[in-house]
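Report on the structure given below.
Residue numbers (the working numbering), protein chains in the order written: chain S, 1 to 475; chain L, 1001 to 1218.
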């Protein structure tokens, strides 16, 4: 029961959306801009944002009668300027051969100039605009479907809805047109919404229409989770930049990916729908509250904050499956020195190294000064190491074994010997047993001491100690 | 009825304001507040605030509520059929609505005649005012069909009917009418109620259902 109330408090409802987010953040002027597709297209173009190219527009019946239909290309999209919910959009895919000015729709049916005229007259008359006000019809270039999305989308182009608040992307979903939605990427009309992990751009959970949770594309065995959306960071950056340009404080940004052009900005939305929460199985309000009041100066920072705060579900899932933890290239590590002394340092995760090594200064702090002193008394010049030498006397294995046997008693805590090769030849270092904690996991390690004074990280974790982890290079 | 009645009411009556008008005007704030409550707290949308309010009064004017409901449902059914019929002609908005109103008007006329044949004289004697309101309801219906699709329009129409029926029972509740004639100012109590509703940011009841998959503990 408590969980029930806690979860429901994270959800953004219609009342809160209108009163707390749209009203104070989206001023009337900005809202009107978002509702006017031609004006917002112009504005975005001026800011050098990628948008679908405008072919032509028809403002009134006079313009319609005098329109030169031969100027239209083979494929185009006809839209009402103030349309909403994807209504009144007509898409043609090609021109019919042997026939003059006849186009073909996605379902194979033909569209003549007369059909276009009726449709445009309907648009001009306000048949598709909010509250029926007279409208403008316009033609724009048709986007080309990305190969990756081909099996998932029924006709039409999928798009990515990103909710931006306070310059931070807070939630995103991929919208896939279906047969029910007749090729439109609109959830209210029965499209599929797939939640996206903001950090990685990988899809998570999916909803069909407004409420039905699904795992596969209906009628297929195509899994909807785990789709990696290309250009992810670019898409988020585009969306955040649009917020700056449009001054819509609470924005639903629609971005599509064109096969040739890459991410293209489709539409601004001043009243983004709430179903995105079902697609992501997470509440928006909780996320909006976390972003509220942050001082975000640049677009890049906003994108980074969003990726950091609202990603990671995928990681947890992988951790669950593999039983391994995911770490980045640099992680905080806590060493447990002699007499329980704990020191936390940043460590470089290096799968190129076999074992873990730490700087001599750190070793001293951890209480191994005596070990270092004792080891420095050994005359190492007697050992001549040659990499891949045939001669056993000169091999690494022999030397390690020999030193350990001879000096185990005279050097305090000595547990092993590490040999490393570099451009300046080879070096022999002492190694001791030390435990350290990485990402809440305690690891019993054999750590060697090296002079890392000039290096950025005083600790390098080698692959011998990384068996329980997966390394994510983007983290 | 004058004993114990409020001074303001007596004043209005003695100056020729009809009692029915007084009651309806004083009840109207309560009806519209109820509609606002259903939208903001329960989540039943209906066709805005005007349509359910006017349908409520149309029901009040039909003598018997079942006749009002019959006419309403006929309008919705005929409206849906007419839409399917007219879809193929691809007509512009206003001419299309004009045709729809004509079709619906004739259907209601037919309904009244059929009612007469089966001795439902109450149906035929329904006054013209509620009938006209119900017929013009079809414009709202068409507008929503375009905006949100046919199914949503039917759902919203039924929600409108439910709210209007509730409104009808509130407006014909004897105790409430007597109370309001004694203390007409209680009608103004709806103002603070609406200020509260206007600031209410909680989830609507229907949203608990809509987002049940997120809410349920996992």
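Think of the CB as a built atom: it goes at the ideal place given N, C-alpha and C, for glycine as much as any other residue.
{"Check": "For the stretch 1077–1107 of chain L, which residues have a beta carbon sitting closer than 9 angstroms to at least one beta carbon of chain S?", "Outcome": "1090, 1091, 1092, 1093, 1094, 1096"}
{"Check": "Would the beta-carbon of residue 275 of chain S fall within 8 angstroms of that of residue 194 of chain S?", "Outcome": "no"}
{"Check": "Examine chain L for any beta-carbon lying closer than 8 angstroms to the beta-carbon of residue 250 of chain S, and answer yes or no.", "Outcome": "no"}
{"Check": "Tell me whether residue 119 of chain S is buried or exposed, calling it buried when 16 or more other Cβ atoms sit within 10 Å of its Cβ.", "Outcome": "buried"}
{"Check": "Alpha carbon to alpha carbon, how far is residue 122 of chain S from residue 1097 of chain L? Give it in angstroms, no decimals.", "Outcome": "13 angstroms"}
{"Check": "Check whether chain L comes within 8 angstroms of residue 277 of chain S, counting only Cβ atoms and requiring the distance to be less than that.", "Outcome": "yes"}
{"Check": "Check each candidate in S:416, S:397, S:395, S:412 and name the one with the smallest Cα separation from residue 404 of chain S.", "Outcome": "S:416"}
{"Check": "Which class does residue 436 of chain S belong to by DSSP, given the choice of helix, strand or coil?", "Outcome": "strand"}
{"Check": "Going by C-alpha to C-alpha distance, which of S:242, S:324, S:375 sits closest to residue 298 of chain S?", "Outcome": "S:242"}
{"Check": "Check the Cβ of residue 14 of chain S against every Cβ in chain L and list those closer than 8 angstroms, keeping chain order.", "Outcome": "1043, 1204, 1207"}
{"Check": "With respect to the alpha helix (DSSP H) encompassing residue 31 of chain S, which residues constitute its N-terminal and C-terminal limits?", "Outcome": "28–35"}
{"Check": "Should residue 102 of chain S and residue 291 of chain S be called a contact, given that it needs their Cβ atoms to be closer than 8 angstroms?", "Outcome": "no"}
{"Check": "Pairing CB atoms from the stretch 57–72 of chain S with CB atoms from the stretch 276–289 of chain S, are three or more of them under 8 angstroms?", "Outcome": "no"}
{"Check": "For the stretch 105–123 of chain S, list every residue whose C-beta sits within 9 angstroms of some C-beta in chain L, in sequence order.", "Outcome": "115, 118, 119, 121, 122"}
{"Check": "Compare the C-alpha of residue 60 of chain S against each of S:23, S:11, S:137 and name the closest.", "Outcome": "S:137"}
{"Check": "At what residue ranges does the stretch 1019–1054 of chain L contain a whole run of the alpha helix (DSSP H), taking only runs of 4 or more?", "Outcome": "1019–1037"}
{"Check": "Within a Cβ cutoff of 8 angstroms, which residues of the same chain sit near residue 1069 of chain L, ignoring the five residues on either side of it in sequence?", "Outcome": "1059, 1161, 1165"}
{"Check": "Report the residues of the stretch 1142–1162 of chain L with a CB closer than 9 angstroms to any CB of chain S, ordered along the chain.", "Outcome": "1143, 1146, 1147, 1148, 1149, 1152"}
{"Check": "Under the three-state reduction of DSSP, which class applies to residue 8 of chain S: helix, strand or coil?", "Outcome": "helix"}
{"Check": "Helix, strand or coil for residue 1157 of chain L, going by three-state DSSP, please let me know.", "Outcome": "helix"}
{"Check": "Leaving aside the five residues before and after residue 1040 of chain L along the sequence, list all residues of the same chain whose C-beta is less than 6 angstroms from its C-beta, in chain order.", "Outcome": "1197, 1200"}
{"Check": "Residues of chain S with CB closer than 7 angstroms to the CB of residue 1040 of chain L, please, in chain order.", "Outcome": "15"}
{"Check": "Does the ligand GDP have a heavy atom nearer than 7 angstroms to the CB of residue 1138 of chain L?", "Outcome": "Absent from the structure shown: the ligand GDP. Ligands present: none."}
{"Check": "How far does the alpha helix (DSSP H) with residue 232 of chain S in it reach, from first residue to last?", "Outcome": "232–246"}
{"Check": "Could you say which of S:426, S:267, S:441 lies nearest to residue 32 of chain S if we only look at CA atoms?", "Outcome": "S:267"}
{"Check": "Listing by chain order, which chain L residues have their CB less than 7 angstroms from the CB of residue 20 of chain S?", "Outcome": "1201"}
{"Check": "I'd like to know if residue 211 of chain S contacts chain L, where contact means its C-beta is closer than 8 angstroms to some C-beta of that chain.", "Outcome": "yes"}
{"Check": "Give me the Cα-Cα distance between residue 436 of chain S and residue 444 of chain S, rounded to the nearest whole angstrom.", "Outcome": "7 angstroms"}
{"Check": "If you drop the 5 nearest sequence neighbours on each side, which residues of the same chain put their C-beta closer than 6 angstroms to that of residue 1010 of chain L?", "Outcome": "none"}
{"Check": "Starting from the beta carbon of residue 269 of chain S, find every residue of chain L whose beta carbon is closer than 7 angstroms, and list them in chain order.", "Outcome": "Neighbours of residue 269 of chain S on chain L: none; closest Cβ ~16 angstroms, over 7 angstroms."}
{"Check": "So residue 21 of chain S packs on residue 80 of chain S, CB below 8 angstroms; how close in whole Å?", "Outcome": "27 angstroms between Cβ atoms; not a contact."}
{"Check": "Hey, could you find the ends of the alpha helix (DSSP H) residue 1129 of chain L is sitting in?", "Outcome": "1128–1148"}
{"Check": "I need the straight-line Cα distance from residue 1174 of chain L to residue 1126 of chain L, nearest angstrom please.", "Outcome": "22 angstroms"}
{"Check": "What residue does the beta strand (DSSP E) around residue 1105 of chain L start on, and which one ends it?", "Outcome": "Run containing residue 1105 of chain L: none in the beta strand (DSSP E); it sits in the alpha helix (DSSP H), 1093–1117."}
{"Check": "Helix, strand or coil for residue 57 of chain S per DSSP?", "Outcome": "strand"}
{"Check": "Assign residue 67 of chain S to one of three DSSP states: helix, strand, or coil.", "Outcome": "coil"}
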